[in-house]
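Notes to accompany the following structure.
Protein chains: 2
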Amino acid sequence: MKKIRLFTPGPVMVPEDVLLSMARPMEHHRTAFYRDMLADVTDLLRYLFQTEQGDPLVMTGSGTCAGEGAIVSAIHPGKNKALNINNGKFGERWGKVCKAFGLDYVDHQVPWGTALSADELNRLMDADPKIDTVICVHSETSTATLTDIEALAKVTQKRGALLITDCITSCGCMPMKFDEWGIDIAFTGSQKALMLPPGLAFCCVAPKAWKRIDEADCKAFYNDLKAHRKSLRTWDNPYTPANTLVLGLQQVLRGVKQRGIENVWKETRMLADATRAAATAIGMKVFSQSPSDSVTAMWVPDGVDEAALRKTMRGVHGMQIAGGQDDLKGKVIRIGHMGYMDAGDTLAVIGALELTLKGLGHKFTIGAGLKAAQEVFAKTL
Amino acid sequence: MKKIRLFTPGPVMVPEDVLLSMARPMEHHRTAFYRDMLADVTDLLRYLFQTEQGDPLVMTGSGTCAGEGAIVSAIHPGKNKALNINNGKFGERWGKVCKAFGLDYVDHQVPWGTALSADELNRLMDADPKIDTVICVHSETSTATLTDIEALAKVTQKRGALLITDCITSCGCMPMKFDEWGIDIAFTGSQKALMLPPGLAFCCVAPKAWKRIDEADCKAFYNDLKAHRKSLRTWDNPYTPANTLVLGLQQVLRGVKQRGIENVWKETRMLADATRAAATAIGMKVFSQSPSDSVTAMWVPDGVDEAALRKTMRGVHGMQIAGGQDDLKGKVIRIGHMGYMDAGDTLAVIGALELTLKGLGHKFTIGAGLKAAQEVFAKTL
Chain C
0 MKKIRLFTPG PVMVPEDVLL SMARPMEHHR TAFYRDMLAD VTDLLRYLFQ
50 TEQGDPLVMT GSGTCAGEGA IVSAIHPGKN KALNINNGKF GERWGKVCKA
100 FGLDYVDHQV PWGTALSADE LNRLMDADPK IDTVICVHSE TSTATLTDIE
150 ALAKVTQKRG ALLITDCITS CGCMPMKFDE WGIDIAFTGS QKALMLPPGL
200 AFCCVAPKAW KRIDEADCKA FYNDLKAHRK SLRTWDNPYT PANTLVLGLQ
250 QVLRGVKQRG IENVWKETRM LADATRAAAT AIGMKVFSQS PSDSVTAMWV
300 PDGVDEAALR KTMRGVHGMQ IAGGQDDLKG KVIRIGHMGY MDAGDTLAVI
350 GALELTLKGL GHKFTIGAGL KAAQEVFAKT L
Chain H
0 MKKIRLFTPG PVMVPEDVLL SMARPMEHHR TAFYRDMLAD VTDLLRYLFQ
50 TEQGDPLVMT GSGTCAGEGA IVSAIHPGKN KALNINNGKF GERWGKVCKA
100 FGLDYVDHQV PWGTALSADE LNRLMDADPK IDTVICVHSE TSTATLTDIE
150 ALAKVTQKRG ALLITDCITS CGCMPMKFDE WGIDIAFTGS QKALMLPPGL
200 AFCCVAPKAW KRIDEADCKA FYNDLKAHRK SLRTWDNPYT PANTLVLGLQ
250 QVLRGVKQRG IENVWKETRM LADATRAAAT AIGMKVFSQS PSDSVTAMWV
300 PDGVDEAALR KTMRGVHGMQ IAGGQDDLKG KVIRIGHMGY MDAGDTLAVI
350 GALELTLKGL GHKFTIGAGL KAAQEVFAKT L
C-alpha cells in the first residue's frame, strides 16, 4: 500500500469523496437530472471566474481544447491580428494554434521566467496598430511564472482590444477577477485548481468577446464557442459531455463556494510561500523572477542529478514532482500547490526533498527547509 | 432507491467494477504507470478495431472530436474532394464539419432509415471523378440504420479513394473489420459499446490514410491526428488525457478480449433480434429498412403520445429510452442494445414498454412482446 502523492502542476490529487461521487450509476445527459446540474455548475463557474457578465462554457477535452476554442472563435482570418505573448511552453502552444488555423498573428518571445509588463505591451501595440487581440498566459506552468493580467487588461481595455487569457493554472487558486480586471475570454481545465481528473475544460466569454465571435463563421467545428453558447439556454451540450466529470465538478465547486474562494487563494499562497522559503533554506534557488503561487520551479543544485532526484522522490518517497521542459530539462524541478493539498502535504514533500538531496550529496542543514516552511505556516494557521 | 436503467444509444450503463476502478487515486500521465497502460490499451484497441496495420489513437473528447480529427486531418483544402453520405443526424454532422473547415465536399442525402448501396456509390463516384474521399456512418444512431461498409469499402479500395467511417455505435458491438474490409479511418467513442462514461474518442488510421494525412499541414490543432501519432512511439498523449477514463478503458477492453469480440457481437445481435421480435408482437413497426443491431428505432403506435410514453417509462419504470430527432421527433422511440446489458435487462425494458403502452390505450396481448423476445433468447442461451 505505497502512498503516492501528486505534486505535479496538474493532474493533481482528487478528493476521495469526489472520486467516489463520480462512480454513481450513469445518467444520460438529455435529462432533467443533467440539465439541472449543468445550470447549477454554470452558476458556480461564474463564482469561480468572478464574473456576472461572462458566460462560462463547459467543454469536453483538455485545456488545449478550450484554448483552441477561444482563439479560433475570436480571431477571424483576414479581419483580426493577434499578439501572442510567449514566455513558456504554453505561450508557445497558443502561437502554434494560431499558425495551424492560418490566423494573422505575431509571436512575441519573452525570456522564460519573466513576464511582460504593461509598458512593454503598450509599446508592442503602438508599433503595430493592426493588433486587436492579445493572447497571454496568466500562470505559465512550464516556468512557474505569473503575468500581471490585471495590468495588461487595463491596456487592452483602453485600446478596445480583446484579451484572451490562459488561466489554466491560476483560475481557482490565485486571484483571477474576470469582470473587475476586464478579461474578455479566460479558459481553464479540470485537472488543476479544480482538483478533478482531466477531461473537462472551461471558457468564460464576456459580451465584448461574443460580439467579436459573432462577426464571422468559426473555422473549426468541435471547438466553435458559438455551438457551446446554445447550452446556456437549453442546458444541452452540443456534443456528448463527459458527464461523470460534471458530477465531480459540481461537488468541487460547491466546496469552493462554501469555503470562500479568497480563502483558497490565501492557502495556495501560503503553500507557495512555504515552499519558496524552504527552497531558499536548503540552498535551492527559485527559478522565476515573477513566481506564480500555483507551482514553484526551482533550480536543481550544482552537482545533483535531476533524474536521480525525481526517481528517488517517486520511488523511495512516493512523491511525484515535475521536471523542466525544453531548455530547462534536467535543470529545474517543479512542485505544485494546487488542488486537494494542505500544509501537511507540503511538509511531506519538503521532507522528502531534503532526504533525497542529502542522499545525492547536496550540503545543507537537515530540517532547515521544514523549519522555514513551518515558520510560514505559523504566521497563518 | 429507484433503479434507473439506461437504454439510450449512449451513454450506456457502466459496469459497477469499472466505475469503482476509476475512483482509484489519481496518477500522473507522464509516468511509467500511465505509459504502460496506454501501450496495453493501444494493443487492445487493435483487437477491438480488428486491425494489425491500423494505428488506434486515444483522444480526449466526444466522438465528434474524433470525427473532426479524421476529416480535417485527411481532407486537404484545394487537394481533395469528399463525398459525405448523409442518412441521418450524424451523417449530417460530418457534412457540417467539412463546411466549417472550408473543405471541398458534396453532401449526398439518403432517405432516413435507408442505406446507400455499393452500386449507388459507384454511380456517384463515376459522376464526379474528383471525389477521392468518402465519409460514411456505419450505424446511424439517429435512425438505427446499418450501412454495408464492407461493400462500400470494396468500391473505395478499387478506386483508390479513402474511406472514413463513423463507427461510433458499431465498433465493439457489431462486426466491424478494419483490415479485412479495407477501412482507412474508423472512429468511435467511449460511451457506446465500450460501456464507459463519455470523454474519450478513438481514431484508427491505416497506413494509406497516414500517407494522405502527411501530404499537407492540418488546418486544426487539437484534433490534428499527426500530433496524436507521436504517442504511439512515446506513449505520451500530446495534451493531457482523461486518464481516469483510460483506466476504465483498459478494464473494459480486457473483458472484451477475454470474452471474445465475436461473442459480444452475437449477444448484441440477439438483444436486437429479441427487441425487434417483441416490437412486432405488440403491434409496433421497426423504423429502419436496414436495421442496426446496436439500437432499434420503432414507430410509436397511432394514438399513443410519445412524450407521455417516455415520461412513464422513466418516471414509473426507471427505464431511460431515447426519442426521435428532427422529423422523427415524437414519432419514434429508440432502445439501445450496447454495453453492459443482457437478456434480463432487455426483458425488463420490453416489460415496461408493454405496461406503458397498455396504460396509454394501445391494443395488444399483454406478455406477447416478452414471449417473442424469450423465443429469440431460447434459440441462443
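From first to last, the protein sequence lines stand for chains C and H.
Everything in the first sequence is counted per numbering that gives the first Met the number 0, starting at 0 for the first residue and increasing by one.
Everything in the second sequence is counted per numbering that gives the first Met the number 0, starting at 0 for the first residue and increasing by one.
Glycine included, each C-beta is placed from N, C-alpha and C at the ideal position.
Predicted model, so just to flag it, every value in this text is computed and none were measured.
- In terms of Cβ geometry, H/H28 and C/Q319 do not form a close pair [threshold 8 Å].
- The residue from C/N85, C/M283 and C/M58 with its alpha-carbon nearest to that of C/H107 is C/N85.
- Using beta-carbon distances, H/E214 does not count as an interface residue toward chain C, since no partner is under 8 Å.
- According to the DSSP assignment, H/G159 belongs to no beta strand (DSSP E), since it is labelled neither H nor E.
- In this structure, the beta-carbon distance from C/D183 to C/A205 falls below 8 Å.
- Shortest Cα-Cα distance from C/G323 to any of C/G314, C/H316, C/V315 and C/I334 involves C/I334.
- H/S61 has a beta carbon lying within less than 8 Å of a beta carbon in chain C.
- Within a 10 Å sphere around the beta-carbon of C/I365 sit fewer than 16 other beta-carbons, which makes this residue exposed.
- The alpha-carbon of H/D304 is positioned some 8 Å away from that of H/G329.
- H/T187 has H/F201 as its beta-bridge partners, per DSSP.
- Nearest neighbour of H/E51 by Cα position, chosen from H/P76, H/F177 and H/S116, turns out to be H/F177.
- Within chain C, the residues whose beta carbon sits less than 7 Å from that of H/A241 are P196, P197, G198 and A241, listed in sequence order.
- Taking a Cβ-Cβ cut-off of 8 Å, the neighbours of C/A99 in chain H comprise D216, C217, K218, A219, F220 and D223, given in sequence order.
- As a beta-bridge residue in DSSP terms, C/C170 pairs with C/M173.
- Residues of chain H whose Cβ lies closer than 8 Å to the Cβ of C/I3 are, in chain order, P24 and E26.
- For the segment 52-86 of chain C, the set of residues with a beta-carbon nearer than 9 Å to any beta-carbon of chain H comprises M58, T59, G60, S61, G62, T63, C64, G66, E67, G68, I70 and V71, in chain order.
- Sequence-distant Cβ neighbours of H/G350 in its own chain, meaning closer than 7 Å and more than five residues away, are L369.
- Looking at the DSSP output, H/N85 sits in a beta bridge with H/Q108.
- Look at C/T30: its C-beta is under 8 Å from a C-beta on chain H.
- In the DSSP assignment, H/R29 is bridged to no other residue.
- For the options C/L37, C/L5, C/G90 and C/R4, the alpha carbon positioned closest to that of C/S230 is the one of C/L37.
- Rounded to the nearest angstrom, the gap between the Cα atoms of C/R158 and C/V263 is 33 Å.
- Neighbours of C/G360 in chain H, taken as residues at a C-beta separation under 9 Å, are lacking, since the least C-beta distance is about 26 Å.
- For C/C217, the secondary structure class from DSSP, reduced to helix, strand or coil, is coil.
- The DSSP-derived three-state label of C/P206 is helix.
- Rounded to the nearest angstrom, the gap between the Cα atoms of C/A367 and C/W234 is 53 Å.
- Between H/Q108 and chain C, the shortest Cβ-Cβ separation is not below 8 Å.
- Per the coordinates, the alpha-carbon of C/Q249 lies some 29 Å from the alpha-carbon of H/T168.
- With a cut-off of 8 Å on Cβ pairs, the segment 41-58 of chain C is in contact with the segment 184-203 of chain C, counting three or more such pairs.
- Our two residues, C/A81 and H/T164, have alpha carbons roughly 37 Å apart in a direct line.
- Burial check for C/M283: the Cβ neighbour count within 10 Å reaches 16 or more, so the residue is buried.
- Annotation for C/L356: no beta strand (DSSP E) segment contains it, though the alpha helix (DSSP H) segment containing it runs A342 to G358.
- Residues A226, H227, K229 and S230 of the same chain have their beta carbon placed closer than 8 Å to that of H/P237, with the five preceding and five following residues left out of the count.
- Cα atoms of H/D16 and H/S289: separation of roughly 35 Å, rounded to the nearest angstrom.
- In chain order, F220 make up the part of chain C whose C-beta sits under 9 Å from the C-beta of H/K95.
- Looking only at H/I3, H/A377, H/A273 and H/G317, the smallest Cα-Cα distance to H/H336 is reached by H/A273.
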